[in-house]
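First up is the structure itself, then whatever we jot down about it.
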Amino acid sequence: MEDDSELKKLLNTDEEENHEAKVSMREEPVEIPERYLPPWSEADNKQKIAIIYYKIGASLPIASTLGTILCSYILYIWLYIYYLVGDTDDRPELYFWHSESEKENAKLRGWICFSLFTLWFLIILISYFQAYKTDPGTIPPDWQVPAELKKDTNLERIGLVEKRHDGKARICKWCNLCKPDRCHHCKFCGRCVLKLHHHCEWIPNCIGYFNYKYFFLMMLYGELSAILIVATFWETVVVVLNDSESSTFLCFLVVFGYTMACLFSLSAAIFLAINIKIIKGNYTWLEFWEKKWFAPKLKKFEVSPYDRGIYNNLKEALGQKWYWWLLPFYYREEGETGLFFRISEEVQTAECSICMTPLYTKETSLENVEMWAPVQTSCNHTFHNNCIVEWSKLKRQCPICRSSLDWIIA
């Protein structure tokens, strides 16, 4: 009997230890695994071969993107601009005009197209390298929300908009850092990125707070270049296909190139239109698709809480100085950290329906952040965390729509 009692004690202690271990495992942040490949100086021959293959694979998106841009420029200059501005007597040249006046007009049109296309080509290249080389921004290791709010007394953006359902600040389980508004973890880069839009494999880099302008300009001038090709290159297609001396390869090259330009122009136009709408409403790519498009029931993001009008939204997306908006230079100014964002006046003046006090105030954000943080219920109504918790203890229904509040108790 004594042996049985000792055995039960041992089993109970083992169960308690296992339970404590599970609890501690849940509380500890998830560790990011180390790289599978060591540095080049420490790698053996097989690992060096693997590193080479990895580098080649990582450079393929860059090579393909730059190759496509360069080939488009060369083909357009060679098969269209050259025949407009040249003074040679090549047979295809005669198809672009029928008189001397038409020839002069064609030459002028050729130089205009050449100037525009070359300028846009250079801006695309600069924007691409700027988006690739610029760090999109990450969370400083020692950054904490309450400390920053107390340091910056002149902060116009008061309180955090994005919090967990319990009102607490968002903590990244991978980085174990407090996440600012609009900050998300990128699984490809293995870190949290400020104002993350998405990870672009073709750059390859995350598109975030410090490099979104360059990505947008690359799309904008890429679409303008594609429109120019579609609007003018059809002349070359007609000339080459109607020329009996044109080779099969040249016909294929011209038709294939023009078809790809049309398809790219269509797809880029859709993509650019989405990004213009994102800038206009002050969304990020994730906010637009996850919270507005794919989750229309989240009425909190039908209008972005950061939407402060078209002009202010453009300043936040493309920089404070409007005359640099369309050029890939001078983006973020000193003091712009990407950790805080100004919210709209409607959000600042919104009131809690229980206590009838503003949801976002400097006093409540500096003191008792978790207690007075605005939280959204499952029925899309927003209250102070402390107010809705106390209300739910008395009544399990939303004070506005009478929906169930069982989730807040758990």
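Numbering (the UniProt record's numbering), first residue to last: 1 to 410.
Every residue, glycine too, gets a C-beta built ideally from N, C-alpha and C.
- Taking every protein chain shown into account, the CB of H98 has fewer than 16 other CB atoms within 10 angstroms, so this residue is exposed.
- For H198 and C206, the gap between their C-alpha atoms comes out near 6 Å.
- Around the beta carbon of K179, a 10 Å sphere encloses 16 or more other beta carbons of the protein chains shown; the residue is thus reported as buried.
- When C-alpha distances from V254 are compared across L263, V240, S244, S265, the shortest belongs to V240.
- DSSP places R191 in the uninterrupted beta strand (DSSP E) bounded by 191-193.
- DSSP places I207 inside the beta strand (DSSP E), whose first and last residues are 205-207.
- Only residues of its own chain outside the window of five on either side were considered, and among them H197, H198, I278 have a CB closer than 7 Å to the CB of W285, listed in chain order.
- In this structure L84 touches G110 by the C-beta definition: roughly 3 Å separates them, less than 8 Å.
- If you draw a 10 Å sphere on the C-beta of F121, you find 16 or more other C-beta atoms in it, and that means buried.
- Going by DSSP, C200 is part of the beta strand (DSSP E) stretching over 198-200.
- By the CB criterion at 8 Å, E201 and P61 fall inside the cutoff.
- When secondary structure is reduced to three states using DSSP, Q397 falls in the strand class.
- Residue burial is scored here from C-beta neighbours: C175 has at least 16 other C-beta atoms within 10 angstroms and is therefore classed as buried.
- In chain order, K213, W325 place their CB closer than 6 Å to the CB of L318, counting only its own chain and leaving out the 5 sequence neighbours on each side.
- For C178, the three-state secondary structure derived from DSSP is strand.
- Rounded to whole angstroms, the gap between the alpha carbons of Y132 and E334 is 21 Å.
- The Cβ-Cβ distance between T134 and F216 does not fall below 8 Å.
- Taking C-beta separations shorter than 7 Å and ignoring five residues to either side along the sequence, the partners of L75 in its chain run G257, following chain order.
- With distances taken between CA atoms, R191 lies nearest to K173 out of I203, K173, F252.
- Within the same chain, no residue comes within 6 Å of T118 by CB-CB distance, once the 5 residues on both sides are set aside.
- Note that the C-beta distance between A226 and A169 is not below 8 Å.
- By the neighbour-count criterion, in which a residue is buried when 16 or more other Cβ atoms sit within 10 angstroms of its Cβ, N242 is exposed.
- Looking only at I388, L339, K393, the smallest Cα-Cα distance to D142 is reached by L339.
- Classified as buried, T138 has 16 or more neighbouring CB atoms from the shown chains inside 10 Å of its CB.
- Residue I69 holds the alpha-carbon nearest to the alpha-carbon of F264 among Y54, N45, I69.
- Bounds of the beta strand (DSSP E) holding C186 are 184-186.
- Distance between E287 and Q320, taken at the CA atoms: about 22 Å.
- In this structure, R308 places its C-beta atom within 8 Å of the C-beta atom of R342.
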